[in-house]
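Sequence positions in the sequence shown follow our numbering and run 1223 to 1611.
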Amino acid sequence: MSIKTDLLIVGAGPFGLSMSAYAKHLNIDYIIVGRPMEFWKNNMPAGMRLRSGPDRHLDPLSEHTLIKFLQLKNINSHNASPLPIKLYLGYTEWFRKGKKIDPINEYIARLDYQSDCEYRFIAHLESGDVIEARFVILAIGFGYFKNIPENLIANLPDEKYSHTADFTEFSGLKSKNCIIVGGRQSAFESALLIKEAGAKKIYIVHRHKTPKFTQSDWSWVTPLLGRMIEQPDYYLKLSEQDKDDINKRFWQEGRLKLESWLKSVEKNKDIDIYEETNITWVDITREGQIKAALGDGAELTADHLIFATGYKVNIANLPFLNTGNILDRLQTNNGFPKLRFNFESSIEGLYFTSLTATSDFGAFFGFTVSCNASSVIIGNAIAQAISKS
Ligand SMILES: Cc1cc2nc3c(=O)[nH]c(=O)nc-3n(C[C@H](O)[C@H](O)[C@H](O)COP(=O)(O)OP(=O)(O)OC[C@H]3O[C@@H](n4cnc5c(N)ncnc54)[C@H](O)[C@@H]3O)c2cc1C
């Protein structure tokens, strides 16, 4: 089957769903492809609680808000913080159905560009179906960019280590020991959940000081995004110093602080924190135990090594770009696509958002707080381009 559309949205996570709602509002003919909220369902622990509060919703029109969903469920939003992931997934499904968004529930296997055609993008789906589109938005999130330090896994069999995104079910660690590399939110939240699942001993190791367990202040991000909606080149035109200051502030709130409800990690006698040190080598014993040496001389023994080492964008990791002809033409900077005004890449009609837009538009585009700004800025730009053509 071959279909033509004005806009192809790739990804059905928070950014793709929000974008679809806005495209529908603008009467843009669109198709969305992706598995609804797949990353949140499969790559985050079922017991996770969100960092973002009930005020963060996906609706650029502010109709299907999270607070409204909670009200319909008779849940007081003050009692819903921190928000359990199950409740958030309930919200996103209610949002999707309320907005009548029906993603094609599969993957794009290959994306190509042809400059001399009206429908200049050709997407081949895994099923063999083909979509021809005039504009494409890639909202593919974090999943392709897992960061694992190569030097620490050189001596380990695959089954002895995991990235947090691939380790969301913890019953296998019952009565066992594990080492968690990393010292931000996911390291500490994983430690608590793993302990709750019955692990014996957990060691958390990080190079930096342990962040403070205190409330982050995100109040300044919403006005900033509001400025960007009013004036889409606002952030791009800021001086490098101003951008650095904004990203530094984001870092201080997001990375130097941990949610206060994680504080019990510090008091748990079965969780040891090794701060301001690093793992210098890792090996496996004949009995199948992991041995890890730390820079400060300590040595740890465990059954499993978990990397809470975050994500590093490299656009060449996207399999559907690798198989097509786009990567050769796409301008990049340090692994990120170079984006200009309105999130458009160096290929006309191809837009990137979410984590892949953080280099040019700020670190907050890695979080759902930016969904609505992303949808409005990109949606308006595409609607204008369609009306001119
Ligand atoms: C552990 C963890 C906790 C987090 N907690 C929070 C939080 O509390 N609050 C917050 O605001 N943010 C949080 N974030 C960040 C949040 O995950 C991202 O902001 C958000 O998921 C990005 O949304 P997205 O729509 O870009 O992509 P994702 O949610 O990652 O979804 C990706 C989509 O792309 C689809 N896809 C992938 N490949 C293809 C393909 N080839 N073809 C078609 N579709 C494809 C998938 O099926 C999926 O639908 C957290 C991140 C992590 C890792």
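Even glycine gets a Cβ: it sits at the ideal position worked out from N, Cα and C. Computed from a predicted model, the values in this text were never measured in an experiment.
Neighbourhood of residue i by C-beta distance below 6 Å, restricted to the same chain and skipping five residues each side
{"i": "Arg-1192", "result": "The chain is shown from 1223 up to 1611; residue 1192 falls before or after that span and cannot be answered."}
{"i": "Phe-1364", "result": "Tyr-1533 and Leu-1577"}
{"i": "Met-1450", "result": "Tyr-1456, Tyr-1457 and Ala-1595"}
{"i": "Tyr-1383", "result": "Ile-1375 and Leu-1527"}
{"i": "Asp-1251", "result": "Thr-1227 and Asp-1228"}
{"i": "Trp-1503", "result": "Ala-1515"}
Outcome for residue i when other beta-carbon atoms lying within 10 angstroms are tallied against a minimum of 16
{"i": "Arg-1508", "result": "exposed"}
{"i": "Lys-1417", "result": "buried"}
{"i": "Ser-1609", "result": "exposed"}
{"i": "Ala-1579", "result": "buried"}
{"i": "Ser-1397", "result": "exposed"}
{"i": "Phe-1563", "result": "exposed"}
{"i": "Pro-1379", "result": "exposed"}
{"i": "Ser-1597", "result": "buried"}
{"i": "Met-1270", "result": "buried"}
{"i": "Glu-1381", "result": "exposed"}
{"i": "Leu-1360", "result": "buried"}
{"i": "Glu-1411", "result": "buried"}
{"i": "Met-1223", "result": "exposed"}
{"i": "Gln-1407", "result": "buried"}
{"i": "Asn-1462", "result": "First, the residue type needs correcting, since residue 1462 is Glu and not Asn in the sequence shown. Exposed is the call here."}
{"i": "Gly-1350", "result": "exposed"}
{"i": "Glu-1328", "result": "exposed"}
{"i": "Glu-1481", "result": "buried"}
{"i": "Gly-1420", "result": "exposed"}
{"i": "Lys-1489", "result": "exposed"}
{"i": "Pro-1454", "result": "buried"}
7 Å Cβ shell around residue i - same chain, five flanking residues per side excluded
{"i": "Leu-1272", "result": "Pro-1304, Leu-1305, Ile-1307 and Tyr-1310"}
{"i": "Phe-1317", "result": "Leu-1239, Leu-1280, Asp-1281 and His-1286"}
{"i": "Phe-1389", "result": "Ile-1528"}
{"i": "Leu-1292", "result": "Pro-1276, Ser-1299 and Ala-1302"}
{"i": "Leu-1549", "result": "Ala-1538 and Leu-1543"}
{"i": "Asn-1469", "result": "Gly-1584 and Ala-1585"}
{"i": "Asn-1547", "result": "Asp-1334 and Tyr-1335"}
{"i": "Pro-1325", "result": "Ala-1234, Ile-1254, Val-1255, Gly-1256 and Pro-1258"}
Which of helix, strand or coil DSSP assigns to residue i
{"i": "Tyr-1341", "result": "coil"}
{"i": "Pro-1559", "result": "strand"}
{"i": "His-1385", "result": "strand"}
{"i": "Lys-1396", "result": "coil"}
{"i": "Tyr-1313", "result": "helix"}
{"i": "Trp-1262", "result": "helix"}
{"i": "His-1526", "result": "strand"}
{"i": "Val-1427", "result": "strand"}
{"i": "Gln-1573", "result": "The residue you asked about is not Gln; residue 1573 is Tyr in the sequence shown. Tyr-1573 falls in the strand class under three-state DSSP."}
{"i": "Glu-1354", "result": "strand"}
{"i": "Ser-1486", "result": "helix"}
{"i": "Glu-1418", "result": "helix"}
{"i": "Arg-1332", "result": "strand"}
{"i": "Thr-1227", "result": "strand"}
{"i": "Lys-1368", "result": "strand"}
{"i": "Val-1591", "result": "helix"}
{"i": "Glu-1566", "result": "strand"}
{"i": "Lys-1319", "result": "helix"}
{"i": "Ile-1375", "result": "helix"}
{"i": "Val-1535", "result": "coil"}
{"i": "His-1279", "result": "coil"}
{"i": "Ile-1307", "result": "helix"}
{"i": "Arg-1471", "result": "helix"}
Contacting residues, own chain, Cβ-Cβ under 8 Å from residue i (five flanking each side not counted)
{"i": "Trp-1442", "result": "Arg-1471"}
{"i": "Leu-1478", "result": "Pro-1433 and Lys-1434"}
{"i": "Phe-1367", "result": "Tyr-1533, Lys-1534, Val-1535, Asn-1536, Asn-1539 and Leu-1577"}
{"i": "Ser-1567", "result": "Leu-1552, Gln-1553, Pro-1559, Lys-1560, Leu-1561, Tyr-1573 and Phe-1574"}
{"i": "Leu-1415", "result": "Pro-1267, Gly-1269, Met-1270 and Phe-1392"}
{"i": "Ile-1370", "result": "Tyr-1383, His-1385, Phe-1529 and Thr-1531"}
{"i": "Glu-1315", "result": "Pro-1258 and Met-1259"}
Cβ separation of residue i and residue j, assumed to be a contact under 8 Å, to the nearest whole Å
{"i": "Ala-1524", "j": "Cys-1400", "result": "5 Å"}
{"i": "Phe-1583", "j": "Phe-1565", "result": "7 Å"}
{"i": "Ser-1581", "j": "Asn-1555", "result": "7 Å"}
{"i": "Val-1358", "j": "Gly-1517", "result": "About 46 Å separates the two Cβ atoms, so there is no contact after all."}
{"i": "Leu-1288", "j": "Arg-1278", "result": "7 Å"}
{"i": "Leu-1230", "j": "Ile-1353", "result": "6 Å"}
Distance cut-off 7 Å: residue i Cβ against heavy atoms of ligand 3
{"i": "Ala-1302", "result": "For the structure depicted, ligand 3 is absent and the ligand set comprises only ligand 1."}
Counting Cβ pairs, one atom from each stretch, are 3 or more of them under 8 Å apart for the segment 1340-1347 and the segment 1550-1565?
As far as the Cβ criterion goes, the segment 1340-1347 does not touch the segment 1550-1565, which means the pair count is below three.
Does the segment 1431-1441 touch the segment 1529-1545, meaning 3 or more C-beta pairs lie closer than 8 Å?
No, the segment 1529-1545 does not touch the segment 1431-1441.
Evaluate contact between the segment 1249-1266 and the segment 1274-1289, counting only Cβ atoms and requiring at least three cross-stretch pairs below 8 Å.
No contact exists between the segment 1249-1266 and the segment 1274-1289.
Could you tell me whether the segment 1487-1496 touches the segment 1322-1333, where touching means 3 or more Cβ pairs closer than 8 Å?
Put simply, the segment 1487-1496 does not touch the segment 1322-1333. Fewer than three CB pairs are less than 8 Å apart.
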